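Q: Residue numbers (my numbering): 3 to 545.
Glycine residues also receive a C-beta, built at the ideal position from the N, C-alpha and C atoms.
Remember, predicted model here, so these are calculated numbers, not experimental data.
Please see the structure below; I have some questions.
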Amino acid sequence: MAYEPKAVRGLGWAMVVLGSLSVTLGVAADINFSARGVGALGHFVSAPVWSGLLVLTTGILGVFSAKKPTNKCLIVAFMVVSMFVILACVCCITIAALGIVVNHYVDSCRQYDWSAYCAAQERHNNNPDQYPDPEVWNFKTYDCSPSAIGLHAANIVLAVIEIILGFAVSIMSCVGLCTMRRGVQGSQPQVFVAQNPGAAGAGAPVQLYYPAQMPPAYQVDSGAAPAKTSPYLAPGNYVYFRLKQQQRNPSEVNVLVGCLLHYAASASSVRFVYGLFTLDPLGTIVEDMAYEPKAVRGLGWAMVVLGSLSVTLGVAADIHFSARGVGAVGHFISAPIWSGLLVLTTGILGVNSAKKPTSKCLIVAFMVVGIFVILACVCCIAIAAIAIVWNHYVYGCRQHDWRAYYIAQQDYKNNPSQYEEPDLSNFKAYDCRASAIGLHATNIVLAVIEIVLGFAVSIMSCVGLCTMRRGAGQTVIYAAGPVPDGTQGNTVIMQGNPGVQGSQPQVFVAQNPAQVPPAYQVDSAAAPGVQEEKKGPIPADSV
3 MAYEPKAVRG LGWAMVVLGS LSVTLGVAAD INFSARGVGA LGHFVSAPVW
53 SGLLVLTTGI LGVFSAKKPT NKCLIVAFMV VSMFVILACV CCITIAALGI
103 VVNHYVDSCR QYDWSAYCAA QERHNNNPDQ YPDPEVWNFK TYDCSPSAIG
153 LHAANIVLAV IEIILGFAVS IMSCVGLCTM RRGVQGSQPQ VFVAQNPGAA
203 GAGAPVQLYY PAQMPPAYQV DSGAAPAKTS PYLAPGNYVY FRLKQQQRNP
253 SEVNVLVGCL LHYAASASSV RFVYGLFTLD PLGTIVEDMA YEPKAVRGLG
303 WAMVVLGSLS VTLGVAADIH FSARGVGAVG HFISAPIWSG LLVLTTGILG
353 VNSAKKPTSK CLIVAFMVVG IFVILACVCC IAIAAIAIVW NHYVYGCRQH
403 DWRAYYIAQQ DYKNNPSQYE EPDLSNFKAY DCRASAIGLH ATNIVLAVIE
453 IVLGFAVSIM SCVGLCTMRR GAGQTVIYAA GPVPDGTQGN TVIMQGNPGV
503 QGSQPQVFVA QNPAQVPPAY QVDSAAAPGV QEEKKGPIPA DSV
């Protein structure tokens with residue numbers, strides 16, 4: 003696959019070094035400024051510390067992932083944490099940039115000899131002709147601005163490098179997940195032969211077909227008595243027989259095949275599942291994983307509805323307040339619009355992913371955008387909550403009849419005994435606070451629901467990626483329907499991966515592990531993927 007362990011290991015160690023350096027600088031700055039008793043703006047937020055710890059964690063995950071490059075859970079975790087690294091580093095850069103700019107105007111980073119300054123001020127007051135007015139700058143004992151700005155600049159440089167590495171990790175992990183394949187060229191998969199339950203007991207020949215060839219249609223005598231079936235089986239149903247990966251040995255598989263033969267239905271459309279793999283009657287392998295298409299489709303449509311509702315409310319609020327000419331706090335940031343568009347995009351991805359549940363690229367995209375939905379909705383909630391509080395104290399949301407107010411004010415000045423001093427609140431023509439607060443509250447409710455759905459999407463996608471299995475290189479059992487006694491039973495052998503020239507799949511006979519037929523021989527002179535059909539009888543006691 004495109005997930006190169008050496009490159010991942012290099013990225014991991016680079017992030018470990020950078021994260022450790024960021025944490026060290028952040029802790030050293032906090033200790034230094036605390037000991038000095040100064041308040042360097044932005045430093046006590048400790049952005050380099052928590053962002054550095056996140057980078058350090060990502061690097062450690064990368065090192066472990068390089069040791070186990072086929073572990074999807076580690077790859078998914080590596081990719082997800084790297085996205086948070088990007089966001090954390092963006093926040094770190096923003097805080098550091100603000101700290102550099104504002105440190106010039108904030109005196110909390112400077113210390114003065116106030117006793118000497120007060121004495122000089124007292125001398126000036128007593129004898130201004132002899133002593134000049136003292137400047138406080140001349141009594142400065144310590145200024146942390148240069149060191150604070152230098153540390154902020156260093157943090158910005160480190161954060162930029164960490165963002166680049168975060169993007170590299172995200173892209174490499176995403177591509178690695180999309181291109182990951184099970185099975186290796188030249189591998190020897192095990193193929194188990196399941197004899198038809200209704201086949202003749204003595205010497206009934208069995209036809210063996212190489213996977214590249216399409217077997218003939220299975221013929222059932224319509225005049226024969228129907229075979230005994232299970233009431234739980236019907237055409238198109240699934241029968242799940244689960245075995246752990248470590249338990250796949252011939253003896254236990256023979257027991258499994260016996261169960262398949264016992265519960266075989268007369269209809270050949272019944273699907274049998276071995277382990278985590280589903281095989282339909284045409285030999286198509288259907289992946290069985292924790293990524294349920296119906297649930298994904300439901301999540302997708304729910305997010306489409308919620309995203310559309312958020313966008314509609316946001317656009318309606320902006321149009322309404324713009325037409326009124328009022329400035330409702332937080333509304334013209336249009337948080338419901340851009341967060342709603344992100345939720346809508348996630349929902350569309352979910353609907354498409356439900357149609358193609360085996361597409362890793364769609365699952366990865368669904369998971370990634372679901373994570374960004376959580377972050378966007380958290381921002382939307384924060385903006386709406388702040389706006390609800392501030393709307394009580396900001397007059398931009400109110401409109402007044404200023405003409406009537408000025409007339410009343412003039413009347414009061416001309417004749418205060420006859421007219422009362424006008425109160426501005428009595429001349430209020432429009433107040434958008436009620437509608438603004440209501441819309442903010444609605445956005446908060448929608449955002450909370452979207453956050454819950456975002457977590458559901460992220461968890462389901464992550465688990466789906468971790469539990470997804472390819473049929474390549476795995477054991478597959480195909481059991482056809484029963485046939486009447488006295489007829490020839492056909493058993494079609496299907497293996498999970500396509501035939502590879504030079505490979506020899508191992509063939510075992512069900513219900514008799516002591517007797518194994520000869521290995522399937524591949525004609526090395528034949529074209530790859532097209533092999534000669536092999537036929538041969540199976541001894542009677544092996545059926």
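(1) What span of residues does the alpha helix (DSSP H) with Asn-127 cover, start to end?
(2) With distance defined between alpha-carbon atoms, name the residue in Arg-435, Ala-406, Ile-151, Cys-176 nearest to Val-82.
(3) Near Leu-301, which residues of its chain fall below 7 angstroms by C-beta distance, leaving aside the five closest residues on each side in sequence?
(4) Run the CB neighbour count on Pro-50, radius 10 Å, all protein chains shown included, and call it buried at 16 or more, exposed below.
(5) What do you reckon, are the CB atoms on Arg-299 and Ala-367 nearer than 8 angstroms?
(6) Should the stretch 435-448 be called in touch with the stretch 384-392, which here means at least 3 C-beta pairs below 8 angstroms?
(7) Which class does Lys-70 belong to by DSSP, given the choice of helix, strand or coil?
(8) What are the boundary residues of the alpha helix (DSSP H) that Leu-426 is part of?
(9) Cβ of Phe-308 within 8 angstroms of Cβ of Ile-451?
(10) CA-CA distance, Leu-179 and Ser-341?
(11) Under the DSSP definition of a beta bridge, which residues are partnered with Lys-142?
(12) Please name the residue, chosen from Ser-310, Val-447, Ile-102, Leu-23, that lies closest to Gly-349 on a Cα-to-Cα basis.
(13) What is the rounded straight-line gap between the Cα of Trp-404 and the Cα of Val-162?
(14) With three or more C-beta pairs closer than 8 angstroms as the rule, is the stretch 61-76 touching the stretch 9-18?
(15) Looking at Cys-91 and Gly-168, is the spacing between their C-beta atoms short of 8 angstroms?
(16) So what does DSSP say about Val-447, is it helix, strand or coil?
(17) Between Pro-295 and Ile-453, what straight-line distance do the alpha-carbon atoms span, to the nearest angstrom?
(18) Residues in the same chain with beta-carbon distance under 7 angstroms from Trp-303, minus the five sequence neighbours each way, listed in chain order, please.
(19) Report the residue ranges of all beta strand (DSSP E) runs contained in full by the stretch 352-416; include only those spanning at least 3 residues, in chain order.
(20) One question on the structure: do Val-375 and Val-345 come within less than 8 angstroms of each other, judged by their Cβ atoms?
(21) Rounded to a whole number of angstroms, what is the C-alpha to C-alpha distance between Ala-436 and Ile-339?
A: A quick look at the data gives this:
(1) Position 125 of the sequence shown holds residue 127. Segment 116-128, the alpha helix (DSSP H) holding Asn-127.
(2) Translated into positions along the sequence shown, residue 82 becomes position 80. Out of Arg-435, Ala-406, Ile-151, Cys-176, Cys-176 has the C-alpha closest to the C-alpha of Val-82.
(3) One-based indexing of the sequence shown puts residue 301 at position 299. Cβ within range, chain order: Gly-352, Leu-455, Ala-458, Val-459.
(4) On the sequence shown, residue 50 is found 48 positions in, with the first residue counted as 1. Around the beta-carbon of Pro-50, 16 or more other beta-carbon atoms lie within 10 Å, marking it buried.
(5) Reading the sequence shown from its first residue, position 297 is the one you call residue 299. Reading the sequence shown from its first residue, position 365 is the one you call residue 367. Taking 8 angstroms as the cut-off, the beta carbon of Arg-299 is found no closer than this to the beta carbon of Ala-367.
(6) Taking 8 angstroms as the limit for Cβ pairs, the verdict is that the stretch 384-392 does touch the stretch 435-448.
(7) Your numbering for residue 70 matches position 68 in the sequence shown. Assignment of Lys-70 by DSSP, reduced to helix, strand and coil, places it in the coil class.
(8) Working through the sequence shown from its first residue, we reach residue 426 at position 424. Where Leu-426 is concerned, there is no enclosing alpha helix (DSSP H), given that its DSSP letter is neither H nor E.
(9) Position 306 of the sequence shown holds residue 308. Position 449 of the sequence shown holds residue 451. It is worth fixing the name first, because residue 308 is Leu in this sequence and not Phe. Yes, Cβ-Cβ distance for Leu-308 and Ile-451 is below 8 angstroms.
(10) As a working mapping, residue 179 is identified with position 177 in the sequence shown. As a working mapping, residue 341 is identified with position 339 in the sequence shown. Near 27 angstroms, if we compare the C-alpha coordinates of Ser-341 and Leu-179.
(11) As a first step, residue 142 is located in the sequence shown; it is residue number 140 there, counting from the start. Note: Lys-142 sits in a beta bridge opposite Tyr-114.
(12) The count along the sequence shown starts at 1 and reaches residue 349 at position 347. It is Ser-310.
(13) In the sequence shown, residue 404 corresponds to position 402, counting from 1. In the sequence shown, residue 162 corresponds to position 160, counting from 1. A straight-line Cα-Cα distance of about 52 angstroms links Trp-404 and Val-162.
(14) Yes, since at least three Cβ pairs between the stretch 9-18 and the stretch 61-76 fall closer than 8 angstroms, the two stretches touch.
(15) As a first step, residue 168 is located in the sequence shown; it is residue number 166 there, counting from the start. As a first step, residue 91 is located in the sequence shown; it is residue number 89 there, counting from the start. Yes, the Cβ-Cβ distance between Gly-168 and Cys-91 is below 8 angstroms.
(16) As a working note, residue 447 is residue 445 in the sequence shown. In this structure, DSSP gives Val-447 a helical state, which the three-state scheme calls helix.
(17) Residue numbering aside, residue 295 sits at position 293 when the sequence shown is read from its first letter. Residue numbering aside, residue 453 sits at position 451 when the sequence shown is read from its first letter. In this structure, the alpha-carbon of Pro-295 lies about 21 angstroms from that of Ile-453.
(18) The sequence position of residue 303 within the sequence shown is 301, counting from 1. Here the set comprises Gly-349, Val-353.
(19) Within the stretch 352-416, the complete beta strand (DSSP E) segments at least 3 residues long are 400-402, listed from N- to C-terminus.
(20) Start at 1 with the first residue of the sequence shown, and residue 375 comes out as number 373. Start at 1 with the first residue of the sequence shown, and residue 345 comes out as number 343. Yes.
(21) The residue given as residue 436 occupies position 434 in the sequence shown. The residue given as residue 339 occupies position 337 in the sequence shown. Computed Cα separation, rounded: 20 angstroms.
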